Amino acid sequence: MAGGQERILRSRIRSVQATKKITRAMELIAGSRIVKAQQRVTAAVPYSERITEVVKDLAAGGAGSSSAFLKARPEIRTACYVAITADRGLCGGYNSGILRATEGEVKADVLASKDYVVVPVGRKAENYFKFRSYKTSRSFTGFSDAPKYEDAKAIGQFVVDLYLRGEVDRVELVYTRFVSSGRQEVVRRPLVPLERDVIAGGDGKSASGGNYEFEPDPELILQTLLPRYVEARIYAALLNAAASEHAFRQRAMKSATDNAEELIKNLSRIMNRARQDSITTEIMEIVSGAEALGSDDKDDVVREMASN
Amino acid sequence: MAERSSLKVEVVSPERVLFSGEARQVITRTLDGGEIAFLPGHTTFLGALVENHTRIYLADGKVQDVAVHGGFVDVAPDHVTILSDSAELAENIDVARARAAQERAQEAMRGEHDATVEGALRRAHARLAAAGGSSNSGGSAH
Numbered sequence: 001m002a003g004g005q006e007r008i009l010r011s012r013i014r015s016v017q018a019t020k021k022i023t024r025a026m027e028l029i030a031g032s033r034i035v036k037a038q039q040r041v042t043a044a045v046p047y048s049e050r051i052t053e054v055v056k057d058l059a060a061g062g063a064g065s066s067s068a069f070l071k072a073r074p075e076i077r078t079a080c081y082v083a084i085t086a087d088r089g090l091c092g093g094y095n096s097g098i099l100r101a102t103e104g105e106v107k108a109d110v111l112a113s114k115d116y117v118v119v120p121v122g123r124k125a126e127n128y129f130k131f132r133s134y135k136t137s138r139s140f141t142g143f144s145d146a147p148k149y150e151d152a153k154a155i156g157q158f159v160v161d162l163y164l165r166g167e168v169d170r171v172e173l174v175y176t177r178f179v180s181s182g183r184q185e186v187v188r189r190p191l192v193p194l195e196r197d198v199i200a201g202g203d204g205k206s207a208s209g210g211n212y213e214f215e216p217d218p219e220l221i222l223q224t225l226l227p228r229y230v231e232a233r234i235y236a237a238l239l240n241a242a243a244s245e246h247a248f249r250q251r252a253m254k255s256a257t258d259n260a261e262e263l264i265k266n267l268s269r270i271m272n273r274a275r276q277d278s279i280t281t282e283i284m285e286i287v288s289g290a291e292a293l294g295s296d297d298k299d300d301v302v303r304e305m306a307s308n
Numbered sequence: 309m310a311e312r313s314s315l316k317v318e319v320v321s322p323e324r325v326l327f328s329g330e331a332r333q334v335i336t337r338t339l340d341g342g343e344i345a346f347l348p349g350h351t352t353f354l355g356a357l358v359e360n361h362t363r364i365y366l367a368d369g370k371v372q373d374v375a376v377h378g379g380f381v382d383v384a385p386d387h388v389t390i391l392s393d394s395a396e397l398a399e400n401i402d403v404a405r406a407r408a409a410q411e412r413a414q415e416a417m418r419g420e421h422d423a424t425v426e427g428a429l430r431r432a433h434a435r436l437a438a439a440g441g442s443s444n445s446g447g448s449a450h
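As given, the protein sequences belong to chains Z and W, one line each in that order.
Counting from 1, position 1 in the first sequence corresponds to residue 1 in my numbering; the numbering is continuous, with no gaps.
Counting from 1, position 133 in the second sequence corresponds to residue 441 in my numbering; the numbering is continuous, with no gaps.
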């Protein structure tokens, strides 16, 4: 019986070791991807900075007072939430953080007898909200690891369209902001209509040259510019989310690896003890068996066993 | 302002800064405004761009050709910033592919006239113009 237990322990240790190899590999992969994702976040900064500047300059030039993007609707009947999660699991609390935040908002809206619609980004959000039969619209999946600008564009066009058709009165992004590889936070940011302070204080570079010349007129530029601005915001959010996903996954896999090590240590300790126990029991059995046979050659047997 | 002899030019796409350098002149094409050139000391200017072949005359005498597929240009006396969803430097353009795309689009144009095909054709034109160098300038984009 004792030998059986040893065998069971041995196979458990083997399986934990195999799992550890996998989690260790995932940890290393995520670690190397963080760096790349972080670089992409920084590479995207110039564009979004410049485009914000241009929006401000335009607003300073007197455009945009009539743009649908900038005017908050008097009554918010339907809110739209773009929930950005990963396509895959095994990344600790990354997905559940976003899902919880979004669900909280949705529940608050329902309590206030307002309507809502969720735009799931990432397979995890899609499954979660569809399974619980929340009101969802089209979902966007398959790029959470390394989002491209086209992905942001598709989402942007979709939500802008929803907004302009009047199906929703407000669009918010729910995503995980990448602060540093040690810190990420779930944030909720209004997307459309644009907040006043985004366009306010529009001096930027225009202070140097006084009045701007526009071609074509400011309103027309703004009309083509604002959708781009929204896309840039979504793109930045996607990149932040991707970097955060890798950071979360690395941490989750690191603790899984540590756990596996701990487990292996404990299991081997138990296994060694079990093996020792079974050896001791065997010796005891042989000794008592020899004792029962006769007292003459008892010492010889014991000596023989002990030397083994 | 007239003292300045060069412009700081940047071509920025959402994914990264494509090009950054000093230049003497930049020629691009705005939405219903035609071609426009910027020299150092130009007044502040903001324009929406169409698909075009943008030429950047660098300070060292070389010309950087860029296919800009729509976007914006932000100009100040000492800098020109081109923001574009998708822009390609001439050296990164696959001419064979652009030519194939152009033929495809022209073929499709014969059948029906829709905006996406027209856009594809204009993009192909801009690409070919930029890759072909300055001999075939942006004028052919229509």
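All C-beta atoms, glycine included, are put in the ideal place defined by N, C-alpha and C.
Computed from a prediction, not measured in an experiment: that's the story for all the values here.
Query	Result
Chain Z contacts made by the region 334-360 of chain W, where a contact means CB separation under 8 Å	T338, L339, D340, G341, I344, T351, T352, F353, L354, G355, A356
Length at least 3, wholly inside the region 60-96 of chain Z: the beta strand (DSSP E) runs in chain order	78-84
Between the CA atoms of R337 of chain W and L357 of chain W - distance to the nearest angstrom	6 Å
Residues, ordered as in the chain, of the region 416-430 of chain W that lie near chain Z by beta-carbon distance below 7 Å	none
Residue environment, S206 of chain Z, which counts as buried when at least 16 other CB atoms sit within 10 Å	The predicted position of S206 of chain Z is uncertain, since its pLDDT is 43 and thus under 50; no value can be drawn from it.
Closest Cα partner of V118 of chain Z within the set Z:E103, Z:L111, Z:A108	Z:E103
L366 of chain W beta carbon less than 8 Å from that of T406 of chain W	Reading off the sequence shown, one finds Ala at residue 406 of chain W, where the question assumed Thr. In this structure, L366 of chain W does not lie closer than 8 Å to A406 of chain W by Cβ.
P46 of chain Z at chain W interface by Cβ criterion, 8 Å	yes
V230 of chain Z, DSSP secondary structure in three states	helix
Beta-carbon gap between L90 of chain Z and P147 of chain Z smaller than 8 Å	no
Within 8 Å, strictly: CB atoms of L222 of chain Z and S67 of chain Z	yes
Min CB distance D393 of chain W to chain Z below 8 Å	yes
Residues of the region 211-235 of chain Z with Cβ closer than 8 Å to any Cβ of chain W, in chain order	N211, Y212, E213, F214, E215, P216, P218, L220, I221, T224, L225, R228, E231, A232, Y235
Range covered by the alpha helix (DSSP H) that runs through V159 of chain Z	149-164
Short CB-CB distance (under 8 Å) between D203 of chain Z and chain W	At D203 of chain Z the pLDDT is 47, less than 50, meaning the model places this residue with poor confidence and gives no usable figure here.
Listed by chain order, chain W residues near A43 of chain Z by CB distance under 8 Å	E323, R324, V325
Beta-carbon proximity of A37 of chain Z to A242 of chain Z, cut-off 8 Å	yes
Residues near V325 of chain W by beta carbon distance below 7 Å, same chain, minus five either side	E318
N- and C-terminal bounds of the beta strand (DSSP E) containing K316 of chain W	315-320
CB contact below 8 Å: I51 of chain Z versus chain W	yes
Best match in W:A432, W:R363, W:P322, W:L315 for proximity to T352 of chain W [C-alpha to C-alpha]	W:L315
Alpha-carbon to alpha-carbon, Y235 of chain Z and G209 of chain Z	Here G209 of chain Z scores only 42 on pLDDT, less than 50, and its place in the model is too uncertain to base an answer on.
Own chain residues within Cβ distance below 8 Å of S443 of chain W, not counting five before or after	Its pLDDT being 39, under 50, S443 of chain W is placed unreliably by the model, and nothing is read from it.
Span of the alpha helix (DSSP H), counted from its first residue to its last, around Y128 of chain Z	123-131
Environment of S321 of chain W [buried if 16+ CB atoms lie within 10 Å]	buried
Residues bridged to F143 of chain Z (per DSSP)	According to DSSP, F143 of chain Z bridges with nothing at all.
Helix, strand or coil at D386 of chain W [DSSP, three-state]	coil
Chain Z contact for D368 of chain W (CB, 8 Å cutoff)	no
Local conformation of S328 of chain W per DSSP, three classes	strand
Min CB distance D382 of chain W to chain Z below 8 Å	yes
Bounding residues of the beta strand (DSSP E) (the contiguous stretch that carries A345 of chain W)	342-346
C-alpha gap between T19 of chain Z and E6 of chain Z, whole angstroms	20 Å
Identity of the residues DSSP links to R170 of chain Z by a beta bridge	Z:A79
Neighbourhood of R77 of chain Z by C-beta, 8 Å cutoff - its chain only, sequence neighbours within 5 removed	K114, D115, D169
Chain W residues whose Cβ lies nearer than 8 Å to that of V54 of chain Z	L354, F380, D382, L391
Nearest residue (CA-CA) to R324 of chain Z, options Z:V287, Z:Q39, Z:S288, Z:N259	Only positions 1 to 308 of chain Z appear in the structure, and residue 324 of chain Z is not among them; the question remains open.
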